[in-house]
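Before any comments, here is the structure.
Residue numbers (this note's numbering): 5 to 344.
See the structure below:
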């Protein structure tokens, strides 16, 4: 199937929410890791989301070009070409864009989407994340409101972060403290600024102690019950059950019970980066360490071309990452639940 159309993306989200599972959202850094994610989704019979981060967008454009929008569009074009050959549906998403990078990343991509829609085409990306966690909430929501209007014109969804995710990801970092917990008041402000769907659907990353990366369990105190409280209180106020389409950031190391409770409260998308990076790279490391005298030209020898051909370590690395994607789909309940 091809990359999701805007309507198909909404079907994916509604399917996850109504059937009680979350879509794995896999960060990729290259065509190799993109192929690994697609392979994992297909093997799990799971729809999913493929994400490009702030640093990856720059990396994808090449050291000479250094253009986030160009790098993102290039990978999206590749994904549209290869994605049509898999029996699952995948959406493309840009992850964690802070205020200082809106003008060189998300706004150009939204403009590209608006222009494509104007020509009667579909946008290359299906959603973009505005990360306003580093600015005051009123400024966060003011910018989110502007981007929501642009997203509607581009036929894309906007993801917003209401709260703060601890730890570090791609240069965006926050301390691990009490600021990591969204409140009912925060959520109420989001509804007041962005509506409850009448201006267009959006994804919401409410925070409940989430931390990016891998940390000691003693440093991370997840409270997924906060999500249930917010959904219940705001749901009564807007007369909608579970009004927020929630996103779970910083899930590495979370227990199965914590993940299941978050999903039960309306999480429809869970970001996965650290664990899939490790699966890919540890496979490469294993190949290099066990074949060091073949991949290196030691003492004037020639080495073994078959051992240092990038495909010799790339294929097993993709398979290792794909297996971790299958694991994620199984844990999130999306395995076997692809739209047909």
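Using N, Cα and C, we set each Cβ at its ideal position, and we do this for glycine too.
Compute every distance between the C-beta of residue 308 and the non-hydrogen atoms of the ligand HEM, then say whether any falls below 7 Å. For the ligand HEM, the structure offers nothing, since it holds no ligand at all.
Is the distance from the Cβ of residue 72 to the Cβ of residue 62 below 8 Å? As a position in the chain shown, residue 72 is number 68, starting the count at 1. As a position in the chain shown, residue 62 is number 58, starting the count at 1. Yes.
If you compare alpha carbons, which of 204, 337, 211 and 189 is closest to residue 165? Taking the first residue of the chain shown as 1, we reach residue 165 at position 161. Checked all of 204, 337, 211 and 189; the closest Cα to residue 165 is 211.
Among residues of its own chain, excluding the 5 on either side of residue 232, which ones have a beta-carbon nearer than 7 Å to its beta-carbon? On the chain shown, residue 232 is found 228 positions in, with the first residue counted as 1. Excluding positions up to five away in sequence, the list reads 269.
When we look at the beta-carbon of residue 44 and count the other beta-carbons within 10 Å, is it buried (16 or more) or exposed? Position 40 of the chain shown, counted from the first residue, corresponds to residue 44. Buried, because 16 or more other Cβ atoms sit within 10 Å of the Cβ of residue 44.
According to DSSP, simplified to helix, strand and coil, what is residue 282? Taking the first residue of the chain shown as 1, we reach residue 282 at position 278. Note: residue 282 maps to helix in three-state DSSP.
Over the uninterrupted alpha helix (DSSP H) stretch that includes residue 299, give me the two end residues. As a first step, residue 299 is located in the chain shown; it is residue number 295 there, counting from the start. Note, residue 299: alpha helix (DSSP H), 296 to 299.
Comparing C-alpha positions only, which one of 308, 247, 263 and 305 sits nearest to residue 254? Within the chain shown, numbered from 1, the residue matching residue 254 stands at position 250. For residue 254, the nearest C-alpha among the options comes from 263.
Residue closest to residue 311, alpha-carbon to alpha-carbon, out of 247, 107, 298 and 318: To locate residue 311, count along the chain shown from 1; it is residue 307. If we check each option's Cα against that of residue 311, 298 comes out closest.
What did DSSP end up calling residue 305 once you bin it into helix, strand or coil? Taking the first residue of the chain shown as 1, we reach residue 305 at position 301. Here residue 305 sits in coil by DSSP.
What first and last residue would you give for the alpha helix (DSSP H) that runs through residue 121? Locating residue 121 in the chain shown gives position 117, counting from the first residue. Taken as a continuous stretch (DSSP letters only), the alpha helix (DSSP H) holding residue 121 covers 111 to 122.
Give me the Cα-Cα distance between residue 82 and residue 30, rounded to the nearest whole angstrom. Numbered from its first residue, the chain shown carries residue 82 at position 78. Numbered from its first residue, the chain shown carries residue 30 at position 26. Cα-Cα distance, rounded: 16 Å.
For residue 189, name the three-state secondary structure that DSSP assigns. Numbered from its first residue, the chain shown carries residue 189 at position 185. In this structure, residue 189 counts as helix in the three-state DSSP scheme.
Would you list the residues sitting across from residue 28 in a DSSP beta bridge? On the chain shown, residue 28 is found 24 positions in, with the first residue counted as 1. The partner list for residue 28 (beta bridge, DSSP) reads 274.
Is it buried or exposed, residue 48, if we count other Cβ atoms within 10 angstroms and call 16 or more buried? The residue you call residue 48 lines up with position 44 of the chain shown. It is buried - the Cβ of residue 48 has at least 16 other Cβ atoms within 10 Å.
Going by alpha carbons, who is nearest to residue 151 out of 133, 142, 138 and 68? One-based indexing of the chain shown puts residue 151 at position 147. Ranking 133, 142, 138 and 68 by Cα distance to residue 151 puts 133 first.
So if DSSP puts residue 55 in a beta bridge, which residue, or which two residues, is it bridged to? For the purposes of this step, residue 55 is identified with residue 51 of the chain shown, where counting begins at 1. DSSP output for residue 55 lists 31 and 97 as bridge partner(s).
Would you tell me roughly how many angstroms separate the C-alpha atoms of residue 153 and residue 103, rounded to the nearest one? Within the chain shown, residue 153 is the residue found at index 149, counting from 1. Within the chain shown, residue 103 is the residue found at index 99, counting from 1. In a straight line, the C-alpha of residue 153 is about 17 Å away from that of residue 103.
Are residue 342 and residue 92 close, meaning C-beta to C-beta below 8 Å? Here residue 342 refers to the residue found at position 338 of the chain shown. Here residue 92 refers to the residue found at position 88 of the chain shown. Taking 8 Å as the Cβ cut-off, residue 342 and residue 92 qualify as a contacting pair.
Does the Cβ-Cβ distance between residue 158 and residue 204 come in under 8 Å? Residue 158 sits at position 154 when you count from the first residue of the chain shown. Residue 204 sits at position 200 when you count from the first residue of the chain shown. Cβ atoms of residue 158 and residue 204: not closer than 8 Å.
Apart from the five residues on each side of it in sequence, which residues of its chain come closer than 6 Å, Cβ to Cβ, to residue 252? Indexing the chain shown from 1 puts residue 252 at position 248. Cβ neighbours of residue 252 beyond the five flanking positions: 266, 271 and 274.
Per DSSP, what kind of secondary structure is residue 207 in: helix, strand or coil? Residue mapping note: residue 207 aligns to position 203 of the chain shown, counting from 1. Residue 207: strand per DSSP, three-state reduction.
Among 96, 148, 326 and 65, nearest to residue 131 - alpha-carbon criterion: Residue 131 sits at position 127 when you count from the first residue of the chain shown. If we check each option's Cα against that of residue 131, 96 comes out closest.
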